[in-house]
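Reading through the structure tokens given below for one structure.
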Amino acid sequence: MSETKGAPLSGTIMVVGGGISGLTTALEAAEVGYDVIIVEKNPYLGGRVAQLNQYFPKLCPPTCGLEINFRRIKDNPRIKFFTLAEVEKVNGQPGDYKVSIKLNPRYVNEKCTSCNACAEACQSEIPNEFNFGMDKHKGAYLPHEMSFPARYVISPQIIGTEDANRCKEACAYGAVDLEMEAKTIELNAGAIVWATGWEPYDAAKIENLGFGRYPNIVTNMMLERMASKNGPTKGKILRPSDGSEPKSIAFVQCAGSRDENHLPYCSYICCMASLKHTTYIREQYPDATIYIFYIDMRAPGYRYEKFYNAIKDDENVKFIKGKVAAVEEATGDAITVTAEDAIGGEKIHQTVDMVVLATGMQPSAANAKLPADLQFSEDGFVINDFEKGGMFAAGCANRPADVMMSNQNATGMALKAIQTLAKR
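Next comes the structure, spelled out in structure tokens:
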């Protein structure tokens, strides 16, 4: 093949990951004339943003940004996407990659009209991963109400059961296909952008913070789902133990972050996430008392600093500078937070109705290494090699970032991918 400058070997850009970074990368490239393939492991596009109640900087609901992007994808014939798909292997060089992709069965084909008949017929229930297991849904389900594509999924857990047959019989459109099997396809790409995103750090690994042992200790992403109208509590923040309204809540910052035993780095988003969650609580419970235990409060930028100052002016929000030593259950399902007050020099024992752990952001690649010739930091973030080119990481696959920073970074990586094609 020709290596002439300006004559790319392949004009296709592959984007691995269909979250906000992946969508932005794909749209920026496609809308200037490049063919793009999105490969997403979930049965829907949208990633972590789809799980949020609101996101910075304008505290928009996920519908605000995602619906526009989904419409742009629908209207752009240059973009193709695969859901329930995983990259198994990447061979080749910049400008000429051969990618093996495993397509996992959805057991529902393109004839699906989202009529819900399969879910109504299904009798079994499984934990709802979208809501971090805080509730259950049917074995035949739409992942969430804003799912794109808006197509149901039959869980592999019910395949081979009578429930699966009930789902098939209930579908009037012939959309349920219980004979679907996993298959592998081979695709070519000139450049690859890894937008594989992040996962909340497993709070159960932080033994002194009590997560998993006491029901009224939740993580920041669990609280985000509670506050969401399509969440497990329909937007109401409630104590998991009894469904009551909390009168006091404590936030434990840096839960697993800035800790050499867990995540040694600052996860960037946690401080602002807790301040945002404070506004959720104050809107629902104006008289509730909120305690924020922190090492350092970080508000990166003027707009975030202004938001932080507004929270500080709330007399019902108490900021306590000090490392939390333990979170334990007290009388009647209440929770006691023990910390060293770094300013007063005293040990504090604060009992509250509910505790929220501001768990850190861990790159997905830290737990599932990417099958390509990439460089990684000790913490699992992809280190971009711009000199080599060809493959790049965008958004939180590269470093901790919020939605706005992820979008900016993704635009840059789309340009890097385009430059790879133009140089070959």
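When you number the sequence shown by our numbering, it's gap-free, plus one each residue, and the end is 425.
Just so it is clear, CB atoms sit at the ideal spot from N, CA and C, and this is done for glycine as well.
Cβ-Cβ separation between L85 and I186: approximately 13 Å, too far for a contact (criterion under 8 Å). Rounded to the nearest angstrom, the gap between the Cα atoms of D136 and P144 is 13 Å. In the displayed model, T13 falls within a strand according to three-state DSSP.
Measuring C-alpha to C-alpha distances from G66 to each of G48, Y269, K81, P78 identifies G48 as the nearest. Look at D164 here: in three-state DSSP terms it is helix. Under the three-pair Cβ rule at 8 Å, the stretch 270-279 counts as touching the stretch 240-257. Here N221 carries a helix assignment [DSSP, helix/strand/coil]. Look at the stretch 244-288 and you find these whole runs of alpha helix (DSSP H), each 4 residues long or longer: 271-285.
In the displayed model, G66 falls within a helix according to three-state DSSP.
Per DSSP, the unbroken alpha helix (DSSP H) holding A27 starts and ends at 21-31.
Of all alpha-carbon atoms in G390, T412, Q420, the one lying nearest the alpha-carbon of Q94 is that of G390.
Contiguous alpha helix (DSSP H) elements confined to the stretch 296-363 occur at 303-313, taking only those with 4 or more residues.
Rounded to whole angstroms, the gap between the alpha carbons of Y35 and K424 is 15 Å. In terms of CA proximity to A331, T352 leads the group L24, T352, Y295, Q55. In the DSSP annotation of this structure, the continuous segment of the alpha helix (DSSP H) that includes N410 starts and ends at 404-424.
For Q376, the secondary structure class from DSSP, reduced to helix, strand or coil, is strand. Counting C-beta pairs with one atom in each stretch, the stretch 221-236 and the stretch 169-179 have fewer than three that are closer than 8 Å, which means they do not touch.
Among the bridge pairs identified by DSSP, A398 is matched with none. Cβ atoms of A326 and N209 come within 8 Å of each other, at about 7 Å.
Your pair G12 and L422 checks out as a contact, with CB atoms roughly 6 Å apart and the cut at 8 Å. Boundaries of the alpha helix (DSSP H) harbouring E121: 118-122, taken from the DSSP string. In the three-state reduction of the DSSP assignment, F133 falls in the coil class, being assigned neither a helical nor a strand state. Residue pairing from DSSP leaves V50 without any beta-bridge partner. Shown here for T290: same chain residues with a beta carbon closer than 6 Å to its own, the five before and five after excluded, namely S249, N317 in chain order.
With a 10 Å radius around the Cβ and a threshold of 16 neighbouring Cβ atoms, T220 comes out buried.
The C-beta separation of A373 from V91 comes to about 4 Å, placing the pair in contact by the 8 Å criterion. Cβ-Cβ distances below 6 Å link F82 to I39 in the same chain, with the five nearest sequence neighbours on each side left out; the list follows chain order. Burial state of Q363 is buried, judged by a 10 Å Cβ sphere holding 16 or more other Cβ atoms. Secondary structure note for L104: its beta strand (DSSP E) is the uninterrupted segment 97-104. By the Cβ criterion, the stretch 336-346 is not in contact with the stretch 368-386, since fewer than three pairs of Cβ atoms, one from each stretch, lie closer than 8 Å. Taking C-beta atoms under 8 Å as the contact rule, R283 and P58 fail to qualify, at a distance of about 19 Å.
By the Cβ criterion, the stretch 117-128 is not in contact with the stretch 188-208, since fewer than three pairs of Cβ atoms, one from each stretch, lie closer than 8 Å.
Contact between T26 and A311 does not hold, since their C-beta atoms are separated by about 34 Å, which reaches or exceeds 8 Å.
Counting only residues of its own chain and dropping the five nearest sequence neighbours on each side, N77 has a CB closer than 8 Å to the CB of L28, A31, E32.
No Cβ-Cβ contact shorter than 8 Å links V356 with I155. Residue burial annotation: R107 is buried, with at least 16 other C-beta atoms found within 10 angstroms of its C-beta.
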